[in-house]
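Same order as they appear, the protein sequences are chains A and B. Counted from 1, the first sequence has number 178 at position 178 by the working numbering; the numbering is strictly sequential. Just so we're on the same page, the working numbering is the position in the second sequence counted from 1, plus 192. Glycine residues also receive a C-beta, built at the ideal position from the N, C-alpha and C atoms.
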Amino acid sequence: MSSACYLDANIIIALLFPTDAHHKNSLERVYHLNMQGTRLVTSTYALVEVTRNTLHTISQLEQGKYIFAEPLFQYIRLLQNFNPNQRCEALLNYIISYIKNGFHIEVIEQESLYEIETTNNTKIAKLFHEAIKLSWINIRTKDLLHIAIANLLKTHGVKCIITADKTDFEPIKQTLEKDLDLEVEILTTQQS
Amino acid sequence: MSSNRIEISIRSLPIVKDWSQMALSLFTKFNFTQLLTTLMQQVLPRLIHPQKIQGITISSSPNIGPYILIELDLNASEAFKIWENLADTLYPQTRVPVFVVWKGEMDLSPSDFGKRLAEILAKMNTSLFTLTHPVDLTKELSEE
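Now the structure itself:
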C-alpha cells in the first residue's frame, strides 16, 4: 500500500478558501504530494469541522463579515435557500466532491474505528478508546481525536499528519514522531 | 456583438492607467471576442435552443479574472446538464470559467446540487468560497 498523509481540517478549509492565509502553502504542498504519488486522506470527523466552519462563514454573509466574489455569490444564495438540514447536506456533498475532484483527497471511513470494545464492563468505540489511551498527549480534545484517527489509519498507509495549527501541534510534534511514529508537517505562512 | 435573442454585455474590463495596461486591455478585449465567437458559433447551438438563452455576460472580477455568465430559461437540472457540458468542452479551450444561472425551479436535491456544483467548479479550478478579501479561517478554527 502506498504511503498516505492525513490532512487536518484546517488544511481542507485553507484549500477551499482561496483568500485564506494558508491557501497558497496548502495548495503547493498538496500538488507536490499528488505529483509524488503520496495519497492524501482525511476523515469524516474532519468533514464535520470543515462543514460546520464553512456553514458558519456562509451564515455571516448578511453581517458583511465575509463577502463572496461575483458571480459565486449567486450559488451561495441558492445554498441559503435550502432549509438548515438540507444546506448542511448540500455543503457536505460539495466539500466531498470538491476535495476529491480538485485535490485528489480521499475521505476515509473505517468500520473498525467504531468496533465496540469493553473496559470495566463499559462499551466504548475503538476510536474513542484510542483517543483516551492517547490522552497523555498534551493537546485539546478535538485535535487529539484527529491524532487518534490518524494513528488508527496507519493500516491505510497513513504515515504523517499535515496541519496548519502551529500553536497546538508544534509542542507535541517530537512526541508524535518519536512515540507514535507519526510524522507531523506544519504548514506555516510568512506571518506565522 | 448581439443577435435578436442574445444580449451580451462586456463590462468591468481593465481600467487603462498606462500603456502596458492599455496593451493588456486590448489583448483581453481580443480574447473576449474570440471567446464569444467560439461560444456563439460552435458551442451553444449544439447544446441549447437559442430561445432558452436569456443572456450572456462576459465580465471580469479581481478575484476570478475574466468569466462568462450564461442565463438560461430552464430548471436547475436542465441548466446543470448544459453547464457540465460547457465545463467539459468550452473551459479546456478557453481557460475562462463559465457560470450558468437559471430562471426555473430548483429541482435538484441538496446533495445532488452540492455534488454537481463541486464537480463543475473543480474542473474550472474555481472555488465556490472565493472571497473578495483575505481571511485567516485556520486561525479562527484553532481558536474555537
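Distance between beta carbons of residue j and residue i, contact taken as under 8 Å
| i | j | result |
| --- | --- | --- |
| C73 (chain A) | L323 (chain B) | Checking the sequence shown, residue 73 (chain A) turns out to be Phe, not Cys. F73 (chain A) to L323 (chain B), Cβ: 10 Å. No contact. |
| I124 (chain A) | D8 (chain A) | The Cβ separation is near 24 Å, so there is no contact. |
| I260 (chain B) | I250 (chain B) | 5 Å |
| S97 (chain A) | E276 (chain B) | Between E276 (chain B) and S97 (chain A) the Cβ distance is about 13 Å, and since that is not below 8 Å, they are no contact. |
| Y6 (chain A) | T51 (chain A) | At roughly 18 Å, the Cβ-Cβ gap does not stay under 8 Å, so Y6 (chain A) and T51 (chain A) are not in contact. |
| K126 (chain A) | L113 (chain A) | 6 Å |
| I12 (chain A) | I99 (chain A) | 6 Å |
| R29 (chain A) | L187 (chain A) | 6 Å |
| I95 (chain A) | L47 (chain A) | 6 Å |
| L40 (chain A) | F82 (chain A) | Actually they are not in contact, since the Cβ atoms of L40 (chain A) and F82 (chain A) sit about 29 Å apart, beyond 8 Å. |
| L329 (chain B) | F17 (chain A) | 6 Å |
| N10 (chain A) | S334 (chain B) | 7 Å |
Interface residues of chain B facing residue i [CB-CB closer than 8 Å]
| i | result |
| --- | --- |
| A131 (chain A) | By Cβ distance, chain B contributes nothing, its closest Cβ being about 18 Å from A131 (chain A), past 8 Å. |
| T54 (chain A) | F321 |
| H13 (chain A) | Strictly speaking, residue 13 (chain A) in this sequence is Ile, with His absent from that position. Near I13 (chain A) (Cβ distances below 8 Å), the residues of chain B are L329, T330 and L333. |
| E49 (chain A) | L333 |
| A9 (chain A) | L333 |
Through-space distance from residue j to residue i, alpha-carbon basis
| i | j | result |
| --- | --- | --- |
| I274 (chain B) | V290 (chain B) | 11 Å |
| A164 (chain A) | I245 (chain B) | 45 Å |
| Y66 (chain A) | T122 (chain A) | 46 Å |
| Q80 (chain A) | T119 (chain A) | 45 Å |
| R77 (chain A) | E109 (chain A) | 31 Å |
| T44 (chain A) | V107 (chain A) | 7 Å |
| Q86 (chain A) | Q60 (chain A) | 18 Å |
| G306 (chain B) | L278 (chain B) | 18 Å |
| P258 (chain B) | N101 (chain A) | 23 Å |
| S153 (chain A) | L145 (chain A) | Before going on, a small fix: residue 153 (chain A) reads as Leu here, not Ser. Going from the Cα of L153 (chain A) to the Cα of L145 (chain A) covers about 12 Å. |
| H156 (chain A) | A90 (chain A) | 28 Å |
| N53 (chain A) | L27 (chain A) | 19 Å |
| A4 (chain A) | E183 (chain A) | 11 Å |
| S201 (chain B) | G247 (chain B) | Note that S201 (chain B) scores 45 on pLDDT, short of 50, meaning its location in the model is unreliable; the coordinates nonetheless yield the value given after this. C-alpha separation (whole angstroms): 9 Å. |
| L15 (chain A) | E111 (chain A) | 28 Å |
| T167 (chain A) | E332 (chain B) | 12 Å |
| P84 (chain A) | L55 (chain A) | 10 Å |
| R308 (chain B) | L92 (chain A) | 12 Å |
| D219 (chain A) | K142 (chain A) | In the structure displayed, chain A extends from 1 to 192; residue 219 (chain A) sits before or after that span and is not available. |
| E70 (chain A) | Q63 (chain A) | 17 Å |
Contacts around residue i, its chain only, beta-carbon distance under 6 Å, and the 5 residues preceding and following it disregarded
| i | result |
| --- | --- |
| L218 (chain B) | A caution first: L218 (chain B) carries a pLDDT of 49, below 50, which makes its placement in the model unreliable, though a value can still be read off. Contacts found: none. |
| H129 (chain A) | E117 |
| V298 (chain B) | Strictly speaking, residue 298 (chain B) in this sequence is Met, with Val absent from that position. Here the set comprises A268. |
| G296 (chain B) | L266 and N267 |
Close Cβ partners of residue i (< 8 Å) along its chain, the five nearest in sequence each way excluded
| i | result |
| --- | --- |
| Y283 (chain B) | P289, V290, K315 and M316 |
| N255 (chain B) | T322, L323 and T324 |
| V293 (chain B) | L261, I262, E263, L264 and A271 |
| S319 (chain B) | L313 |
| E115 (chain A) | A125 and K126 |
| T281 (chain B) | V235 |
Partner residues on chain B for residue i, Cβ-Cβ distance less than 9 Å
| i | result |
| --- | --- |
| E89 (chain A) | S301, P302, S303 and G306 |
| E170 (chain A) | The premise fails here: E170 (chain A) is roughly 12 Å from chain B at the closest Cβ pair, so nothing lies under 9 Å. |
Interface residues of chain B facing residue i [CB-CB closer than 7 Å]
| i | result |
| --- | --- |
| G64 (chain A) | Those within 7 Å of G64 (chain A) in chain B number zero; the least Cβ separation is about 11 Å. |
| G102 (chain A) | A314 |
Cut-off 7 Å between Cβ atoms - residues of its own chain near residue i, not counting five sequence neighbours on either side
| i | result |
| --- | --- |
| G37 (chain A) | S2 |
| T189 (chain A) | A21, H22 and N25 |
| I137 (chain A) | L144, I147, I172 and T175 |
| E170 (chain A) | I186 |
| R140 (chain A) | D168 |
| S135 (chain A) | L144 |
| D210 (chain B) | Summary for D210 (chain B): the model assigns pLDDT 44, below 50, so the residue's position carries little reliability; its value from the coordinates is reported in the next sentence. For D210 (chain B), where only same-chain residues beyond five positions count, there are no Cβ hits under 7 Å. |
Per-residue contacts from residue i into chain A (C-beta, under 9 Å)
| i | result |
| --- | --- |
| P326 (chain B) | T19, D20 and A21 |
| I256 (chain B) | A69, E70, P71 and L72 |
Amino acids of chain A, ordered along the chain, whose beta-carbon sits closer than 7 Å to that of residue i
| i | result |
| --- | --- |
| S253 (chain B) | A69 and E70 |
| E311 (chain B) | S97 and N101 |
| F293 (chain B) | The sequence given here places Val at residue 293 (chain B); Phe does not occur at that position. Those are Q74, listed as they occur along chain A. |
Chain-ordered chain A contacts of residue i [CB-CB under 8 Å]
| i | result |
| --- | --- |
| Y259 (chain B) | P71 |
| S269 (chain B) | Those do not exist, as S269 (chain B) stays about 13 Å from chain A at its closest Cβ, beyond 8 Å. |
Inside the segment 228-282 of chain B only - beta strand (DSSP E) runs reaching at least 3 residues:
Whole beta strand (DSSP E) segments, 3+ residues: 245-253 and 257-264.
Whole runs of the beta strand (DSSP E) within the segment 32-97 of chain A, excluding any shorter than 3 residues:
As far as the segment 32-97 of chain A is concerned, its whole beta strand (DSSP E) runs of at least 3 residues are 39-43.
Segments assigned alpha helix (DSSP H), at least 4 residues, entirely inside the segment 108-156 of chain A:
The DSSP assignment places 126-133 and 141-152 as complete runs of the alpha helix (DSSP H) inside the segment 108-156 of chain A, in order along the chain (cut-off: 4 residues).
What beta strand (DSSP E) runs, 3 residues minimum, are completely inside the segment 285-322 of chain B?
Taken in chain order, the unbroken stretches of beta strand (DSSP E) that lie wholly in the segment 285-322 of chain B and span 3 residues or more are 290-294.
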